[in-house]
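**Q** Numbering (this note's numbering), first residue to last: 11 to 154.
Glycine included, C-beta positions come from ideal geometry on N, C-alpha and C.
Okay, structure coming up:
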């Protein structure tokens with residue numbers, strides 16, 4: 011009975027998230043990391059941007075099981091040579107993917123679309139809160 015070990019590299023979204031600490035699973039420096047990546051964005055960046063073979067799996071990272079998904083990437087050929095000579099190691103792969111995720115088409119200004127919409131809504135509420143929304147104040151008490 012022989013067991014074939016899967017030699018693909020695994021990337022969890024926590025590895026690239028600049029909101030996470032090293033203890034929470036971030037694997038690259040905070041200034042190189044990106045904001046709130048997800049597994050599908052990572053898969054698109056790996057397959058379309060870096061031209062590597064990748065596969066998404068619905069597994070969760072053990073340190074943060076609320077963030078779903080992981081990506082398996084074939085980094086080396088069967089003979090041990092890198093598939094892409096520009097990306098010889100796992101760390102280089104993580105840094106390249108973190109550079110590409112903010113430019114993903116599903117993002118707005120480098121942020122996930124939901125986060126960008128929430129920030130715009132918050133800014134609009136803050137700027138319009140004092141201008142024209144004053145209501146007439148009613149007097150309370152007895153009539154004379």
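CB residue 51 to CB residue 111, shorter than 7 Å?
**A** A contact, by the Cβ cut-off of 7 Å.
**Q** Return the chain-ordered ranges of every alpha helix (DSSP H) run that is complete within the region 44 to 113 and spans a minimum of 4 residues.
**A** Counting whole runs of 4 or more residues, the region 44 to 113 contains the alpha helix (DSSP H) stretches 49 to 54 and 100 to 110.
**Q** Using a 10 Å radius around the Cβ and a threshold of 16 neighbouring Cβ atoms, would you call residue 39 buried or exposed?
**A** The residue is exposed, with fewer than 16 neighbouring Cβ atoms inside 10 Å.
**Q** Tell me the DSSP bridge mates of residue 19?
**A** BP columns for residue 19 point to 83.
**Q** If you compare alpha carbons, which of 35, 60, 64 and 83 is closest to residue 73?
**A** Of 35, 60, 64 and 83, the residue nearest in Cα terms is 35.
**Q** Is residue 32 helix, strand or coil by DSSP?
**A** The answer is coil: DSSP assigns residue 32 none of H, G, I, E or B.
**Q** Sort 17, 13 and 12 by Cα distance to residue 100 and report the nearest one.
**A** Checked all of 17, 13 and 12; the closest Cα to residue 100 is 17.
**Q** What's the gap between the Cα of residue 54 and the Cα of residue 12?
**A** If I take the Cα positions, the gap works out to 33 Å.
**Q** Please state whether the Cβ-Cβ distance between residue 104 and residue 25 is less than 7 Å.
**A** Taking 7 Å as the Cβ cut-off, residue 104 and residue 25 qualify as a contacting pair.
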